[in-house]
Each structure stands twice: as C-alpha cells, then as structure tokens.
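Comments concern the structure below.
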Amino acid sequence: MKDLKFLCEYLEIECEKNIAIKALNSLSLASNEELSFALKNNDELANTKAAAVLVNKALKDYVPKNSLAIVVDDAKLAFAKLSKLFAKELLSNAKNAIVGKNCNIMPNVHLGSNSVIGDECIIMSGAFVGDNVKIGNKCIIYPNVVIYNDTKIGNNCIFHANSVIGSDGFGYASSIKGHTKIYHNGFVEIEDNVEIGSCVCIDRAVFDKTLIKSGSKIDNLVQIGHNCEIGNNCIIVSQTGLAGSSKLGSFVIMGGQSATSGHLSIKDGCIIAARGGVSKSLTESKTYGGFPIMEQKEWLRMQAKLKRITSDES
Amino acid sequence: MKDLKFLCEYLEIECEKNIAIKALNSLSLASNEELSFALKNNDELANTKAAAVLVNKALKDYVPKNSLAIVVDDAKLAFAKLSKLFAKELLSNAKNAIVGKNCNIMPNVHLGSNSVIGDECIIMSGAFVGDNVKIGNKCIIYPNVVIYNDTKIGNNCIFHANSVIGSDGFGYASSIKGHTKIYHNGFVEIEDNVEIGSCVCIDRAVFDKTLIKSGSKIDNLVQIGHNCEIGNNCIIVSQTGLAGSSKLGSFVIMGGQSATSGHLSIKDGCIIAARGGVSKSLTESKTYGGFPIMEQKEWLRMQAKLKRITSDES
Amino acid sequence: MKDLKFLCEYLEIECEKNIAIKALNSLSLASNEELSFALKNNDELANTKAAAVLVNKALKDYVPKNSLAIVVDDAKLAFAKLSKLFAKELLSNAKNAIVGKNCNIMPNVHLGSNSVIGDECIIMSGAFVGDNVKIGNKCIIYPNVVIYNDTKIGNNCIFHANSVIGSDGFGYASSIKGHTKIYHNGFVEIEDNVEIGSCVCIDRAVFDKTLIKSGSKIDNLVQIGHNCEIGNNCIIVSQTGLAGSSKLGSFVIMGGQSATSGHLSIKDGCIIAARGGVSKSLTESKTYGGFPIMEQKEWLRMQAKLKRITSDES
C-alpha cells in the first residue's frame, strides 16, 4: 500500500485527496484500491472501477464519478514513473524454496525464496528459478533456463535449454527526452503439458499475466510479448514473434517465422502459414498467409499473378 | 530390446507375433530388428527392411512380406506413444567423463557421464555437456552453451555462448485431443572446423542424426531443425531458419533471415539472398531470393515492376 | 608488438623491410604503427596512415608513399590469417576483478581478471563477465548473461537473461578451400541507461567497437552485427537483425522482425515498420516499410494495388 499523496509528490503534482493505493492496474482490471491511467476517452475509462486515474487535462471530465482524476501532463509517463515504485524487490530473503518428492535438482541450480517445486521434477544445472515461482509435478527444466520471479507453471511441462520465462515486457513511456521504463509487475502463467523449445522468450505482463494454456507447444527462438494469451493446444513454430496482447484461440498453428502485430485475436483452429504476418484480428477458422495477412489461397494466387506480370514484361 | 508383445499391449492392440524390437526407425533406415511406421503407400514402404511397420488398415496390404504389419487407428500417434518407451534416461550415473590433455575446464561446467573430451579444449563456465557426448580436440565451448546427450563434435570447433545443440526436434502426433510428443532418439553430429554463433539452436534427429559437415559457419540466432544436413563449408547468416530435413549441399550461402520449408534439398554453391524463403528444392547452383523462392534476378525485376505499377496508378 | 618480418614469414612471403606492428586496423583508423589491408583502390586507401598495407599485385602502386605495400595473392585471406596472431588470450590470470560498493554478486557468477564493476550492481547467478570488462554503476545483469572480454558498459543498464554481448562477429575470408576466420579484436561499448532484452546477441567489432549509445532499448532475440552503431534512444523491437556496420541515428525505431543489410546508415528519427528490410541508406526522417525498403505509405499503396490486381483476374 502506498499513499496517493506520496505518489503525487513523487510526480511533483498536487494531490486533492489522500487514499491508499494497493497497486497499479489497467482501467478494466483495476479495483477500487488501485490506480490506473487513461490515454483516451473510451468505454474502458467510462466503466473503470479504479480508485484514481492518471489523465491529461482534456480527459479530466471523462473520469467516472467513483474515481479520482489525477491530472498530469503525460499520463503514460506518470504511470511509467510510478510503476517503478510498485516493483517488487528483485531478490528477497524470505522462506527457502520447497521441493517436492523424488525431484532431481542438479548442482548450480538457483531456487528462489518462497518458490514451490512439485514432485518428480528434474531441474538441470544452471537453471535459475526466481522468487515466488510455482512449478507443478513432473516438469523437466533443461540447463540454463531462466524463470523470473512470480512465474506459475503447471504439471508435465518441458522447458528446453536457455529459454527465458517472465523477463520484462518491452514497454516504455517515450518523449523527446527518451524512454522511461514501465516496470512490468505482472507475471507469466503456463498451464499443464506445455513444451517450450530452446532460446524461447516469454515476457511477463504489465498487469495481470501472460498466459500459455494447456497442451500448447512452442518451438525454438520464439518471442511471446507481454500480456499475450495462447489458447489450448496451439503449435507455434520456430522464430515466430507474437507482439504484446495477441490472443490466440485453441488449436491455432503459427508457421515458422510468422508474426502478429499486437492487440488482436486469432480464432480457434486458424492456421497461419510460414512467414504469415497477422496484421488484424482473424475471426474465421481458415488458413492464412502473406503480409498483410490474407487467406493463404489468395496469397498463392497473388504470387502466381505477380510471376506472370513480371515475365510478361521482361 | 523390447518385446513387440509389450509394445502392442502398451498401444492396447492385438499382437500377432512376438519379436524383439531394438529401436524405432524410419522406413528407409530401419533394420530387420527395428520398428517403423508408414503414413502412405510409397517406395519407402515397399522397400523397407523393418521388422514391423505400424500402419492403418488401408495400408496393411502394402507392407512388404518380410515385415510384419501392425494395424492401428493412427500410425503416427502409435509411433509417438512408443517413442517414449525407447527414449534413454535423461540423466545416468555411468562412467565419469574422460578429459584429454591440456584442457581448460572452468568451474561450474557439467560433464555428463560417459562423455569424452579431446585434447586442448576450453570449456567455459556454465557450459553443460550431456551424457555420451564426444568432443574432439582444440574445441572452444563458450559459457552457458548446452550440449544435449549423445552429441558428436569434431576437432577445432567453436561454439559461442548460450547456443543449444541437440534439443528435441519439434515433432508431435496431433489429433483433436491434442499433441503427443514424438521422442527424438537421434542425435546431432558436427564435423571439424565448424563455428557456431550465440543463441543458435540445432535440434536432434527423430532417428539417425542432424548433421553439420566440416567447415560450415553458422551465425547467431539460427534455427536448424531435426534431421537437417548442412554440407561442407556452408555459410548460414543470422536469424535464418532451416525447417526439418532440409539438405544443403557444399558451399551453400543462406543470407540473413532466410529460411527453408522442410524436406527439400539445395544444390552445392547455391546462394540464397537475405530473406529468401526456399519453398522447393533448388537443383541449379544459382542465386535465389524472394518467397516463394525464385532466381534473385527475377525477384529484383518483380520488385522494380511492382514499383512501376504502384506509381502509375497513384 | 610483432615484427613485420615475422608476420611475412607466417604468410610465407618476402619482407622488404622490418618494422614493428602494434595491431591490425582498418585503412581509415590505422595509425603509423598498424597494419591494414585493401581490396580496392579508393579514398580510404589513398588516405591511409597505416604503416603497411596488404594488397594484391594490381593495387600495389595505389598504396600511398608513407605506407609499405605488402603484396599477397589474397589480401583478405592474408589479413584473416594474421588476425589470429593478434588475438588476445581467451583467458588470462591477471589481477582479480574489482567490485564496487553495495553490489550483489550472486553465487556461480564468473568475474574475469582485470574487470571492474561499479557500485550498486546486481549480477545474478550464472552470469559470465569476461576479462577486462568494465561495468558502471547500478547495472542489473540477469542470470546466465554472457559478457565477453573487453566489453564496456555504462551506468544504469539492464541486461535480461541469456543475452550475449561481445561474441565474435561473423567474418571470414572465403576461398574455394573454405572459410578462414577473421579474429575480431575489437569490442562492444554500451553507454548509459540501455536496456537489453533476453537472448539478444551483440557482436564485437573486427576493429574498434560496436557501439550502443545512451538510452537505447533493445527487445528480445535481436541480432546486432559487428561494428554497428546504434544512436541515442533508439527502440529495436524483437527479432530484428542489424547486419554489420549498420549505423542508426538517434531515436530510430526498428519494428519487429525488421532488418538492415550492412554498411548503411539510417537518419535520426526514422521509423521502420515491422518487417521492413532496410536495403539502402535512409537520409530523410520518415516512416519506411517493405523489402526492398520504401516509404511505408508507398508500401501500403502497393499492397492495396496488388490485392486489386489479384481479385480482378481470379
């Protein structure tokens, strides 16, 4: 808990009213003990339950009655500055990790304080398990995997070597003075039966969580941005990149070197061909390809047509 | 050795005849002590020497006389299930590793049981060498490189930091219930004078081996899928992805961010321009680019033509 | 210092005159105690201050009077061979590292000889800091990061897990016999307030340095080639690849999976859309996209036109 008065002083602004702030959160998730920020007038702002909302002057009157509007010059920058104050300590000295039965924890493994490892897990040399991590039963963590603080992992998961789970998302408040880090106080949750390849990066959420649902399989060198949600039984082939807040349904297949731009959703059962660049939400369970994205059969037709045009003229 | 009777019981099917099965293998590589599987009627099935072949009902009569047809609902799924039974233990406690003369093995290096390191090798902190690994003379293994069990490495090789050699290939038997892991019981072999960049991933084979031949050089963040074969003196530039069973001849150059789809071959001396997406076998030693792949000069003509068309109309 | 006579003997060529050679360097950076090489007749050759220059016969007369022309069959190959002689020892046993006040150096961290760590740094388990590395104050080095010898890092930097700073650039002298390694005797310099994601690879320079200037932020799985220069406050999104000697101005944004071909420059404030492939220098502060690179608005028009053409004909 931090006093709003203290937060306002930190931002060097006036504070109308002092209330206790438990955490930062998005407009839609914030409880009435949490602080949020708004960049435009939309439904999320109108419906927020946040105790207070950072806004610029023009948005002040759109903050709902139940919330306190806190007027700043740059709401995203103010939010970024405050996010640092709510970041947990990187390293704590709380309780020792708890390890289940019949585990094989090899030498040179770090188990962070307060972490809980289930039964029959293998954690191999050089793996790093941060603080407050929870790992289920029968997981295999290969050497040098790094699992950041607060990650939650289900049962029967396999993480191949040198993957990184839960590093900070790539988010900054930018101005002509530079880029102010937005501390990512969310986490990563990985459900059961997920297999993750080598050198995969899965970023933690700004708020709440980045989520990989049961049965999904992720190949080597894949990037999964902050706040993504991967549905059940998805297949993500090597070198694919999912930008922040991409939401995949169940049984989605992303071909090699494919990608999404962020803040979009892909319906259950969609197949994205290799190199497909998903530039908008996909609402029908079809096969897509190309960039900007289109149906794969349309892309194939386009390539054939292009070949014809080029040879005509040469 | 496992009894076929036991394997059939595991799959919950009838067993006509009990024979001893030494390993799983592909149709073309299987010996008469090995079990294979077929998904279609082709020459590989007709010519297999496998002791037995998993097939669906429709393929039963195409299994050659010398092999036993084992009828299952889904041959790939049955194979995936059995692959787990043939997987070796991840960690063994057999003989200690043998290290050659004048090596520098830094602290916090793991040397797996039964591994053999040649003379004058440098293996730096945090590197992990699995069980049954063989490394030649004068190799440099930079920190935190992970070399999985059964990998074979020649002389004078350099592996830069955080690369992963021999992790499981990305292969599953998929059904509407989800994806069943195909255990990759093959390995990776790297010949002499190979240099591998940082954060490179080279997957082990399903059967037999993924092979990197002498003198090839691989840049950072490259993905090499299971069962690929890279010829002598190839150059693979950063962020390239080779899908499974790609076969490159000698002196092939793959430009940055290029790729192959799997199960194809590229002739000696081919040059793939940056971002080229090799979508079919290339049988002439030329320079290629674009996606789908074409001759690079054709791609350049296509881009020029496209530019003209676009400006005409605007 | 090495005698030119010795170097010539190593190359199995005659030596006209014996002088002391301090290092290898590029034509433009070489001092009159250094050796360089030239592949063509250009201003850099005409203006070099190098003590001696490796050239083939045809270039001999273009070497300026103040420099000694050393005629070889293949100047790049000769240079590559000599680069090995000038490479420093990979591991030394000089002075212990010096660690500043209030640092948290976790177990299993390697601090190389002669390295200097500033105050209030956190260096987490499994991180490797090579010899002669300099790290400023208040830096956070996450687990299993590998920092090669001679790297210089400023204040307030954050390096996420499993990134690799300073590995050898991808450079070889190639002939029909194979590829001869060019030893990269330069280094990486990273200024203040730089944040680097997970599994990022930044290669050391051949000569001089690869430079990341203050305030720049680099996302996961990015490749930065040898001798690149990234200006102040750049944003490099995930899976981007910068080929060698790319020079970015200030506040350049590179979208996800974008790339540059090498030896080009991008002006301050340029924005490269996701997947943009920068194939030439960009001299105006605009938004670009596509491959070959063009203005993003032109690329969008081209895609719209292509869609129209394809649907017309189908």
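Protein chains in written order, with our numbering: chain Z, 25 to 338; chain W, 25 to 338; chain P, 25 to 338. Here a beta-carbon is modelled for each residue, glycine too, at the ideal position from N, C-alpha and C.
*With a threshold of 16 other CB atoms inside 10 Å of the CB of Ser199(Z), please say whether the residue is buried or exposed.*
exposed
*Per DSSP, the bridge partner or partners of Thr311(P)*: Ile295(P)
*Taking the beta strand (DSSP E) that Ala93(P) falls in, what are its first and last residues?*
92-95
*May I ask you to report which of helix, strand or coil DSSP gives Cys225(W)?*
strand
*Residue-chain proximity (Ala267(P), chain W), Cβ-Cβ < 8 Å*: yes
*Give the straight-line distance between the Cα atoms of Leu272(Z) and Asn117(W), rounded to the nearest whole angstrom.*
43 Å
*How would you write the range of the beta strand (DSSP E) that Glu213(P) sits in, first residue to last?*
211-214
*Can you pull the chain W residues whose beta carbon is under 9 Å from the beta carbon of Thr204(Z), in chain order?*
Here the premise fails: no neighbours, minimum Cβ distance about 28 Å.
_Residues of the stretch 266-300 of chain W whose Cβ lies closer than 7 Å to any Cβ of chain Z, in chain order_ = Ala267, Ala283, Ser285
*Note down, in chain order, every chain Z residue with its Cβ under 8 Å from the Cβ of Pro88(P).*
None at all; the shortest Cβ gap to chain Z is about 44 Å.
*Beta-carbon proximity list for Tyr207(P), same chain, < 6 Å, skipping 5 on both sides*: Ser107, Lys108, Ala111
*Could you give the C-beta distance for Ser240(P) and Val212(P), rounded to a whole number, given that I count them as a contact under 8 Å?*
Not a contact, Cβ separation roughly 13 Å.
*Would a C-beta distance cut-off of 8 Å place Leu69(P) and Ala62(P) closer than the cut-off?*
yes
*Compute every distance between the C-beta of Ile122(Z) and the non-hydrogen atoms of the ligand SAM, then say whether any falls below 7 Å.*
No copy of the ligand SAM occurs in the structure displayed, which carries no ligand at all.
*Assuming Arg299(Z) contacts Ser285(Z) under a Cβ cut-off of 8 Å, what Cβ separation, rounded to an integer in Å, is found between them?*
Between Ser285(Z) and Arg299(Z) the Cβ distance is about 14 Å, and since that is not below 8 Å, they are no contact.
*Since I believe Gly202(P) is in contact with Asn257(W) (beta carbons under 8 Å), could you give me their beta-carbon distance rounded to a whole number of angstroms?*
5 Å
*Of the residues Ser191(Z), Ile182(Z), Asn156(Z), Lys158(Z), which one's Cα is nearest the Cα of Pro167(P)?*
Ser191(Z)
*Give a yes or no on whether the C-beta atoms belonging to Ala104(Z) and Ala197(Z) are separated by under 8 Å.*
yes
*Return the residue from the list Gly193(W), Val261(W), Tyr86(W), Asp232(W) that minimises the CA-CA distance to Asn65(W).*
Tyr86(W)
*Under a Cβ-count criterion, where at least 16 other Cβ atoms within 10 Å of its own Cβ denotes burial, should Arg56(Z) be classed as buried or exposed?*
Here residue 56(Z) is Asn; the residue named in the question, Arg, does not match the sequence. Exposed: under 16 other Cβ atoms inside 10 Å.
*Where do the N-terminal and C-terminal ends of the beta strand (DSSP E) with Glu58(W) fall, by residue?*
58-61
*Where are the beta strand (DSSP E) runs, 3 residues long or more, that stay fully inside the stretch 155-216 of chain W, in chain order?*
188-191, 196-199, 202-205, 211-214
_I'd like to know whether the C-beta atoms of Ser222(W) and Asn244(W) end up nearer to each other than 8 Å._
yes
*asked:* Less than 6 Å between C-beta atoms, sequence neighbours within five positions excluded: which residues of the same chain meet that for Ile277(P)?
replied: Ile259, Ile295
_To the nearest angstrom, how far is the alpha carbon of Gly210(W) from that of Glu113(Z)?_
44 Å
*Using a cut-off of 8 Å between C-beta atoms, extract the partners of Gln327(Z) located in chain W.*
Pro316
*When the distance is taken between beta carbons, is Gly142(Z) closer than 8 Å to Asn126(Z)?*
no
_So the candidates are Lys331(W), Lys233(W), Asp97(W); which of them puts its Cα closest to the Cα of Ile317(P)?_
Lys331(W)
*Using alpha carbons as the reference points, say which of Lys119(W), Phe152(W), Phe315(W) lies closest to Met130(W).*
Phe152(W)
*So is Met25(W) buried or exposed if we call it buried at 16+ other beta carbons inside 10 Å?*
exposed
*Could you have a look at Leu135(W) and say whether DSSP puts it in helix, strand or coil?*
strand
_Short-range partners of chain Z found in the stretch 153-180 of chain W, where Cβ spacing is below 7 Å_ = Asn168, Val170
*asked:* Would Glu219(W) pass as an interface residue toward chain P - the criterion being a Cβ-Cβ separation below 8 Å?
replied: yes
_C-alpha gap between Ile189(W) and Lys81(W), whole angstroms_ = 39 Å
*With 7 Å as the limit, tell me which residues of the stretch 223-257 of chain P have their beta carbon closer than that to any beta carbon of chain Z; keep them in chain order.*
Cys223, Gly239, Lys241, Asp243, Asn244, Leu245, Asn257
*Verify whether the separation of the beta carbon atoms of Gly178(Z) and Cys145(Z) is less than 8 Å.*
no
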